[in-house]
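Protein chains in written order, with my numbering: chain A, 1 to 245; chain B, 246 to 490; chain C, 491 to 735.
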Amino acid sequence: MKAVILGICKDAQVVDISHGIEKFDVRMGAFVLASTVPYFPKDMVYVAVVDPGVGTDRRPIVVETRRSLLVGPDNGLLMLAAEKESVKHVYEISNRAFMLPKVSKTFHGRDVFASVAAYLATGRVPSEVGPEINDYFIPRYAKPIVENDMLTGEVLHLDDFGNVITNISEKDLNRISAKEGVSLLVKLERKVLSLRYCSAYGEVDINELVAVIGGHGFLEIAVNQGNAARKLKAEAGMNVRIEKA
Amino acid sequence: MKAVILGICKDAQVVDISHGIEKFDVRMGAFVLASTVPYFPKDMVYVAVVDPGVGTDRRPIVVETRRSLLVGPDNGLLMLAAEKESVKHVYEISNRAFMLPKVSKTFHGRDVFASVAAYLATGRVPSEVGPEINDYFIPRYAKPIVENDMLTGEVLHLDDFGNVITNISEKDLNRISAKEGVSLLVKLERKVLSLRYCSAYGEVDINELVAVIGGHGFLEIAVNQGNAARKLKAEAGMNVRIEKA
Amino acid sequence: MKAVILGICKDAQVVDISHGIEKFDVRMGAFVLASTVPYFPKDMVYVAVVDPGVGTDRRPIVVETRRSLLVGPDNGLLMLAAEKESVKHVYEISNRAFMLPKVSKTFHGRDVFASVAAYLATGRVPSEVGPEINDYFIPRYAKPIVENDMLTGEVLHLDDFGNVITNISEKDLNRISAKEGVSLLVKLERKVLSLRYCSAYGEVDINELVAVIGGHGFLEIAVNQGNAARKLKAEAGMNVRIEKA
Chain A
1 MKAVILGICK DAQVVDISHG IEKFDVRMGA FVLASTVPYF PKDMVYVAVV
51 DPGVGTDRRP IVVETRRSLL VGPDNGLLML AAEKESVKHV YEISNRAFML
101 PKVSKTFHGR DVFASVAAYL ATGRVPSEVG PEINDYFIPR YAKPIVENDM
151 LTGEVLHLDD FGNVITNISE KDLNRISAKE GVSLLVKLER KVLSLRYCSA
201 YGEVDINELV AVIGGHGFLE IAVNQGNAAR KLKAEAGMNV RIEKA
Chain B
246 MKAVILGICK DAQVVDISHG IEKFDVRMGA FVLASTVPYF PKDMVYVAVV
296 DPGVGTDRRP IVVETRRSLL VGPDNGLLML AAEKESVKHV YEISNRAFML
346 PKVSKTFHGR DVFASVAAYL ATGRVPSEVG PEINDYFIPR YAKPIVENDM
396 LTGEVLHLDD FGNVITNISE KDLNRISAKE GVSLLVKLER KVLSLRYCSA
446 YGEVDINELV AVIGGHGFLE IAVNQGNAAR KLKAEAGMNV RIEKA
Chain C
491 MKAVILGICK DAQVVDISHG IEKFDVRMGA FVLASTVPYF PKDMVYVAVV
541 DPGVGTDRRP IVVETRRSLL VGPDNGLLML AAEKESVKHV YEISNRAFML
591 PKVSKTFHGR DVFASVAAYL ATGRVPSEVG PEINDYFIPR YAKPIVENDM
641 LTGEVLHLDD FGNVITNISE KDLNRISAKE GVSLLVKLER KVLSLRYCSA
691 YGEVDINELV AVIGGHGFLE IAVNQGNAAR KLKAEAGMNV RIEKA
């Protein structure tokens, strides 16, 4: 992919975000992308590939937000990051002039996505890649819902320390007027937890559960010096509902 | 190695191809290099190190092809990629002025290869590194053989999905006039297989064997949604003979 | 971290040294940094993070040496590399203008260290980051001691081949006038070993112990074609004393 990018856009500065996403784990890829994108300058072109559907008819897309362009498969991977920056347009990639002359059935990362991203990095405009579409896929985890002062989201990822990372951001919590210091009523699937919303793990006793905004910007359920995922038998994709206690 | 390169050629743009080659697996390194090099622009300098012979008298070489310069040990690592681009000259590195002042016995990647590659990137010509040689090592896997309409090659690599990747390219298959759609008689060591040469795994039934050109440009023996390596007890280095059925 | 660096210093050339340090292994991080820094040109800015103390009151520092600037936690990580280049000044980072607007409790790599390093790369001077300090932490492994012609150091790291890498450099050995070819009396904790100080493993018989300066510039205790760490039950942090035999 880097070879293709440099072949098309010689002056591109290619920055690796991560090569550590588990095979086919689109949700984890979305989480890592959304944790990183806010720290880059604007007007970047991102290319992300976690693509179990390569070879099927899932569409290749370019997402234009208020700050960035994101290139990848239409399987939700790009949308958690894109929603944070407000989506302006989504285009389906169909213009063969933006792809390598020969497109393999198995490696669209190289033959389609890297190539399109490189052309965009040279200054070509996203509307050239193909028609605008509105029926692109928005996964449930890309958009927490607020209804009657209750936030509904899901578990994005369990990290190496056993922290249960949700798709709920500080901004989402503001929408139900939950500020640090308050108690939250958290439903993780059928488990009901009463958690203090703190600024650091250490603000509760050792082995106690706590809710904090992690370094990635999302609310996590953690145990001070312990493993929350194990304690709660949490899994990625589980439903999370939050209201002020 | 990157430190050395930037110390000698401040404006070099260093691109990582892979740090994931198994220790001492020269054949796998050759495969990854040959899969990548065709996608880079021309006039690149490649440095590749999989070097079980460091400390012995295996020679350090520079290979000049029609498109690129490749720097590394004379153990076959460079030749699969180089043969694809037509080898023009091979030089044995002996000029101390192209190496670090102190050459360790264990880390020629840094003290010899990175240093030579960086000097070449500054525009120094390859004939300066040392004498041209003709007795460089060409591994069997770098050059499939055609004889009486039979192609002879070998298994390069078994990938994570169990696909059996050979050193036979589409161009090689053209030499025996085998086009997609035909049936191939494939001998993998002593196993005789009759395979359809298709453009995608999905063109045969689930669990059926198929021959396809993979995303890396080499013929692979695969099982649609299955594991060909396990089914065929294949191993890297096995002999492969192919003729039209 | 790369996002933050490029956001502050658009023209920075970011080079990855390693992402393979074991979690919380400060000594291994110090070893890898000290093995690499001497090969880079001067006037580089290094940022290194192995930071078990994040969230506690361990200080963030900038070390100015005769060749480089190093940014990271005050836990010893930077000092093995810094001592090799002679430390000129150490500053405690306290100026908020050099950090991200919002500093998390868990990811100082991004919010403090990458940000400070990027500002230094733009040309800002290190004395701006905060007050100079003299009570910074110098781990025992950063400074081997010479007393009565005896060198005292410790085991830095056991590599994948079972070589026992110490913190003793060739320059340290010169201080007790030990040159290649002499015999060394080495005490590894309570084990007393008589070792030949050679330029390569192969200069002793197979399975025999030997002392060599490795590719990283440190003395290692090795077994020719064998595993010294296993043979000697060595562990990182063990005491090493060396005198001429």
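From the three backbone atoms N, C-alpha and C, an ideal C-beta is built for every residue, glycine too.
Delimiting residues of the alpha helix (DSSP H) encompassing residue i
i        : result
A:Thr122 : That residue, A:Thr122, is in no alpha helix (DSSP H); it is neither H nor E in DSSP.
A:Ala256 : This structure leaves residue 256 of chain A out entirely; chain A is present only between 1 and 245.
B:Met344 : Element bounds for B:Met344: n/a, residue is neither H nor E.
C:Lys595 : No alpha helix (DSSP H) contains C:Lys595, which DSSP labels as neither H nor E.
B:Leu477 : Ala473 to Leu477
C:Thr546 : Note, C:Thr546: premise wrong, no alpha helix (DSSP H); not H, not E.
B:Ser280 : Val271 to Thr281
A:Ala81  : Met79 to Lys84
Burial state of residue i (16 or more Cβ within 10 Å)
i        : result
A:Asp74  : buried
A:Ala222 : buried
C:His509 : exposed
B:Lys350 : buried
C:Val615 : exposed
A:Glu22  : exposed
A:Ser169 : buried
A:Ala48  : buried
C:Ala587 : exposed
B:Pro305 : buried
Same chain, Cβ closer than 7 Å to residue i, neighbours up to 5 away in sequence not counted
i        : result
B:Leu438 : Val431 and Leu454
C:Lys532 : Arg557 and Ser558
A:Cys9   : Ala118, Ala121 and Thr122
C:Met534 : Ser558
C:Ile495 : Ala502, Val504, Ala604, Ala607 and Ala608
B:Leu401 : Arg272, Phe276, Tyr386, Ile410, Thr411, Asn412, Phe463 and Ala481
A:Lys231 : Val223
C:Val544 : Thr596 and His598
Residue range of the unbroken beta strand (DSSP E) whose run includes residue i
i        : result
B:Val290 : Val290 to Val292
C:Leu646 : Met640 to Leu648
B:Glu550 : In the structure displayed, chain B extends from 246 to 490; residue 550 of chain B sits before or after that span and is not available.
C:Glu679 : Looking at the DSSP string, C:Glu679 is not in any beta strand (DSSP E), and its letter there is neither H nor E.
A:Val87  : Val87 to Glu92
C:Ile703 : Leu699 to Ile703
A:Asn239 : Asn239 to Lys244
C:Ile628 : Looking at the DSSP string, C:Ile628 is not in any beta strand (DSSP E), and its letter there is neither H nor E.
A:Phe40  : A:Phe40 -> no beta strand (DSSP E), and no H or E assigned at all.
C:Ile551 : Pro550 to Thr555
B:Ile266 : Element bounds for B:Ile266: n/a, residue is neither H nor E.
B:Pro318 : Leu314 to Pro318
Cβ shell of residue i (< 8 Å), same chain only, five flanking positions each side left out
i        : result
B:Gly471 : Gly407, Ile451 and Asn452
B:Ala490 : Val427, Ser428, Leu429, Leu430 and Ser439
C:Met589 : Ile583, Asp601, Val602, Ser605 and Val606
C:Ala724 : Val645, Leu648, Val654, Leu678, Ile711 and Ala718
A:Gly7   : Ala118
Whole-Å CB distance - residue i paired with residue j, under 8 Å assumed
i        : j        : result
B:Glu373 : B:Val335 : 14 Å between Cβ atoms; not a contact.
C:Pro629 : C:Gly566 : 3 Å
C:Lys592 : C:Thr555 : Not confirmed; about 31 Å, so no contact.
A:Leu173 : A:Val164 : So it is not a contact: roughly 16 Å between Cβ atoms.
C:Gly643 : C:Val730 : 5 Å
C:Ile666 : C:Glu733 : 7 Å
B:Lys329 : B:Pro283 : 6 Å
B:Leu325 : B:Leu278 : 7 Å
Contacting residues, own chain, Cβ-Cβ under 6 Å from residue i (five flanking each side not counted)
i        : result
C:Leu560 : Tyr536, Val553, Leu568 and Ala572
B:His461 : Ser280
A:Asp25  : none
A:Ile17  : Thr36
B:Val295 : Ile266, Val271, Gly274 and Leu322
Closer than 7 Å: residue i CB and nearest the ligand ADP heavy atom
i        : result
B:Ala445 : This structure lacks the ligand ADP, and indeed carries no ligand of any kind.
message = Beta carbons nearer than 9 Å to chain C: which residues of the region 196-213 of chain A have them?
response = Of all residues in the region 196-213 of chain A, only Ser199, Ala200, Tyr201, Gly202, Val212 and Ile213 place a beta-carbon less than 9 Å from a beta-carbon of chain C.
* **Contact set between the region 138-161 of chain A and chain C, restricted to residues whose Cβ is under 9 Å from the partner** => So the list reads Asp160, given in the order they occur along the chain.
For this session: Can you give me, in chain order, the residues of the region 31-45 of chain A that have a beta carbon less than 7 Å from any beta carbon in chain C?
Result: So the list reads Thr36, Tyr39, Phe40 and Pro41, given in the order they occur along the chain.
Name, going along the chain, the residues of the region 459-483 of chain B whose beta-carbon falls closer than 7 Å to a beta-carbon of chain A.
-> Answer set for the region 459-483 of chain B: Gly459 and Gly460.
Name, going along the chain, the residues of the region 404-427 of chain B whose beta-carbon falls closer than 9 Å to a beta-carbon of chain A. For the region 404-427 of chain B, which is checked against every Cβ of chain A, the residues closer than 9 Å are Asp405.
The region 53-82 of chain A: positions lying closer than 7 Å to chain B by Cβ: Cβ contacts with chain B come from Gly55.
Can you list, in chain order, the residues of the region 249-276 of chain B whose Cβ is nearer than 7 Å to any Cβ on chain A? For the region 249-276 of chain B, which is checked against every Cβ of chain A, the residues closer than 7 Å are Val260.
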